[in-house]
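Before any comments, here is the structure.
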């Protein structure tokens, strides 16, 4: 039983992370029917934003009060990236065939990874490093804030990491705020309107371009928070972290029903739990952590075969 | 494209009469300068230090000048009959700009390499002055009416001769460029080639060549293969470039296979490298390597077919469930599949699952192929030229790519190909018209996987070892980029795209670190500014520029003429 609960906790932690990122895929897809393939990179840049904030402003100080500032730093970095990529890469392709933005997204993804790898500790084409940042070509240790990364809690044989509580708490709070934003604010309702019918929404006086930017920014905020959560959990970050996390998060979004925000959260949690359970309960040589990613993708394929609209139902599945 | 501020029309017209002598003078200076020494240091840019014995780049400069002379003489002088067809003004402007760029880069290169402008000999300055004069003169040439190039007729044998000469130029140009070891020299040669190509495009040469090649399509194909076939013979037995060339061919065959899936059927497959990998692992496992885990050692032909069939089966397994839902899902599911493949190959090492692949170490020491008594590892001498290991693989791959191109073009021009086009443009309309959408999609997917599997089995032997990290997602992205860069759904485009993407990084090692960064940027910019690729398929071009009426009319008239002819 303990083992089961332990895996459940692990799964929920992992799932919360997926859910935070998955919202970004689903919000943008709901409005533009675009898979923002580079969203994983937004998550990665969020983590680097937090790291930079900590290194530049606090220089090794890891008191609790630095955490909110780091969150703000992460969000600024990720939102900035997302808005810029929408403006300069996706917007010009609004009416292009559907292959074009997908290929662009791959390009952005590779570009951002390489940009961070090469230029994190130097201004492009120089070797000038004004803030003495570390080399991003290998893993960089993430600042450990005692209250959220210190000694784990023991609850009757189940270990709960503090960073896990942080991640789950971040998901709960973000979901509540997101729900409020979507349902109670004018912009949020505008988003709903645009996702139902962009042309009519435009006629009703909604600035569709602005709504699209807001959608990208909204996903980026959650991705930035997820970036911090990942850094606190793993103790280190690197420029490749966005690829697999993004892929998993997309799987989560599809699992819950793409375009459906509650779906993304549910899908993330389910995917996390499935991974946790697969690690523990698949017997024989194909169990264990080396195969957990494989099972996650197998789940994606199974969902698409048997329930392409996802667990909670998706918006517009059959659009080719 | 470099855009210069325009000189006001009235100024151009007023001075246009002086452009002709000035331009010829510039070209003359360029030639004279190139015959003199450019730098006394023989170690820079090849050897440019001996007067009256021009080195490689000086010959290139003379070629630029001669091209300019021909174009000027076509405006006024003995070649005016050429001038009524070619748009000499536009092409001269391009040539002037690129000539100046070329000479400036030469001076920069000498300065950087030897540490100062002082190391440039008078010859270099004279050539530079010539380029400047040429540039100024070409700003003042006036554009004139030209006749429609589709009416241009020369005797059939002359057209064939043009194709042959063009192909020979490509052969020797490539051989020369590959032989350049100095990065500066390579860049300068590239500048020259780009400049000449743009000049040709501006003159209308390319659209004329389009008409010519349309009339002699078989000659073109044959000539292209002849060029590829004779390439190893230009290497004098050196295997270094052949190694690169055979890598390019593997890459190009995989890209051609993916081109069927993405370019013809419009299905975005982001895990295509896994099919190549499946073929490679089958090839390695059935080889006589001491590390192969399967006891069966069939002859190579059987291995190729087995690899292709395993690959195609994987394609069927992954395609059947996902091809029913939308295209976006397919992209991500294939991406997931690529990861599943890589992770599985990584994990199947005996500790996590049966030992099939030796995990991260892969299967090393794969012996060279032997077909009959022909061993691909040995050096064979043909026509007095020794052909070593990579040349042998090169010929085998040439056969493979010919087969893939054959499959591609036969499918493209068939009922199946038209079905794919219909699906790509509007799936629902196609279905309503009775096209078997699902079946055709599966077919594209499986054929693509089959061809990649074939290529993979050869790749395993050529690379000597197979490891999981050869089949990461980035490789799939590279294949896709070759297609996007060259032109989706075209044969020539994809071959050129594959060549550019594989050759440039090999030769330009000094920006090796920035290679991927530029690659990402290139994808974004291509989609933004030229989504149809360098060599556009006409239909694709229309798909990407739906509201461009002028383009639609132009393509329609061209098409009507082709049908008449």
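Chains as they are written, first to last, in my numbering: chain V, 6 to 325; chain A, 16 to 580.
We treat Cβ as the ideally placed atom computed from N, Cα and C, and that holds for glycine.
{"Check": "Contacting residues, own chain, Cβ-Cβ under 7 Å from residue 193 (chain V) (five flanking each side not counted)", "Outcome": "186, 187"}
{"Check": "Residue span of the beta strand (DSSP E) that contains residue 158 (chain V), given as start and end", "Outcome": "158-160"}
{"Check": "Chain-ordered chain A contacts of residue 269 (chain V) [CB-CB under 9 Å]", "Outcome": "Residues of chain A passing the Cβ test: none, with the nearest at roughly 14 Å."}
{"Check": "Contacts of residue 338 (chain A) in chain V (Cβ-Cβ under 9 Å)", "Outcome": "Ordered by position in chain V, no residue passes the 9 Å Cβ test against residue 338 (chain A), which lies about 10 Å from the chain."}
{"Check": "Positions along the region 323-336 of chain A whose CB lies within less than 8 Å of some CB in chain V", "Outcome": "333, 336"}
{"Check": "Short CB-CB distance (under 8 Å) between residue 67 (chain V) and chain A", "Outcome": "no"}
{"Check": "Endpoints, beta strand (DSSP E) assigned at residue 108 (chain V)", "Outcome": "Counting along the chain, residue 108 (chain V) falls outside any beta strand (DSSP E), though it belongs to the alpha helix (DSSP H) covering 104-124."}
{"Check": "Below-8 Å beta-carbon distance, residue 243 (chain V) vs any chain A residue", "Outcome": "no"}
{"Check": "Chain-ordered chain A contacts of residue 290 (chain V) [CB-CB under 8 Å]", "Outcome": "366, 367, 368, 369"}
{"Check": "Cβ pair residue 303 (chain A), residue 218 (chain A) closer than 8 Å", "Outcome": "no"}
{"Check": "Reference residue 462 (chain A); option with closest CA among A:535, A:502, A:371, A:273", "Outcome": "A:273"}
{"Check": "Residue 256 (chain V) in three-state terms, based on DSSP", "Outcome": "helix"}
{"Check": "Same chain, Cβ closer than 7 Å to residue 315 (chain A), neighbours up to 5 away in sequence not counted", "Outcome": "384, 386"}
{"Check": "Reduced DSSP secondary structure (H/G/I, E/B, other) of residue 480 (chain A)", "Outcome": "coil"}
{"Check": "Run of the alpha helix (DSSP H) containing residue 319 (chain A), from where it starts to where it stops", "Outcome": "315-337"}
{"Check": "Interface flag, residue 214 (chain V) vs chain A, CB-CB below 8 Å", "Outcome": "no"}
{"Check": "Residue range of the unbroken alpha helix (DSSP H) whose run includes residue 164 (chain V)", "Outcome": "Careful: residue 164 (chain V) lies outside any alpha helix (DSSP H), inside the beta strand (DSSP E) at 163-165."}
{"Check": "Chain V contact for residue 287 (chain A) (CB, 8 Å cutoff)", "Outcome": "no"}
{"Check": "N- and C-terminal bounds of the alpha helix (DSSP H) containing residue 400 (chain A)", "Outcome": "No alpha helix (DSSP H) holds residue 400 (chain A); the beta strand (DSSP E) holding it covers 400-402."}
{"Check": "Whether residue 231 (chain A) touches residue 178 (chain A) by CB criterion (8 Å)", "Outcome": "yes"}
{"Check": "Residues that residue 309 (chain V) contacts on chain A, provided the C-beta gap is smaller than 8 Å", "Outcome": "336, 337, 340, 344, 348"}
{"Check": "Beta-carbon spacing of residue 83 (chain V), residue 54 (chain V) below 8 Å", "Outcome": "yes"}
{"Check": "Distance between residue 283 (chain V) and residue 300 (chain V) (C-alpha atoms, nearest Å)", "Outcome": "7 Å"}
{"Check": "Closer than 8 Å to chain A by CB, residue 186 (chain V)", "Outcome": "no"}
{"Check": "C-beta atoms of residue 67 (chain V) and residue 150 (chain V) nearer than 8 Å", "Outcome": "yes"}
{"Check": "Neighbour list for residue 546 (chain A) in chain C, Cβ cutoff strictly below 7 Å", "Outcome": "Although the question refers to chain C, the structure presented lacks it and instead comprises the protein chains V and A."}
{"Check": "is_contact[residue 98 (chain V), chain A] using C-beta, thresh 8 Å", "Outcome": "yes"}
{"Check": "8 Å Cβ cutoff, residue 281 (chain A) in contact with chain V", "Outcome": "yes"}
{"Check": "Cutoff 8 Å: residue 22 (chain V) Cβ touching any chain A Cβ", "Outcome": "no"}
{"Check": "Residue-level contact to chain A via CB, residue 296 (chain V), 8 Å cutoff", "Outcome": "yes"}
{"Check": "Buried or exposed by the 16-neighbour rule on C-beta atoms within 10 Å, applied to residue 153 (chain A)", "Outcome": "buried"}
{"Check": "Cβ of residue 259 (chain V) within 8 Å of any chain A Cβ", "Outcome": "yes"}
{"Check": "Neighbour list for residue 543 (chain A) in chain V, Cβ cutoff strictly below 8 Å", "Outcome": "94, 97, 98, 109"}
{"Check": "Chain-order list of residues whose beta-carbon lies under 7 Å from that of residue 98 (chain V) (same chain, five-residue window excluded)", "Outcome": "105, 106, 109"}
{"Check": "Residues within the region 119-147 of chain A neighbouring chain V, beta-carbon criterion of under 9 Å", "Outcome": "none"}
{"Check": "Min CB distance residue 6 (chain V) to chain A below 8 Å", "Outcome": "no"}
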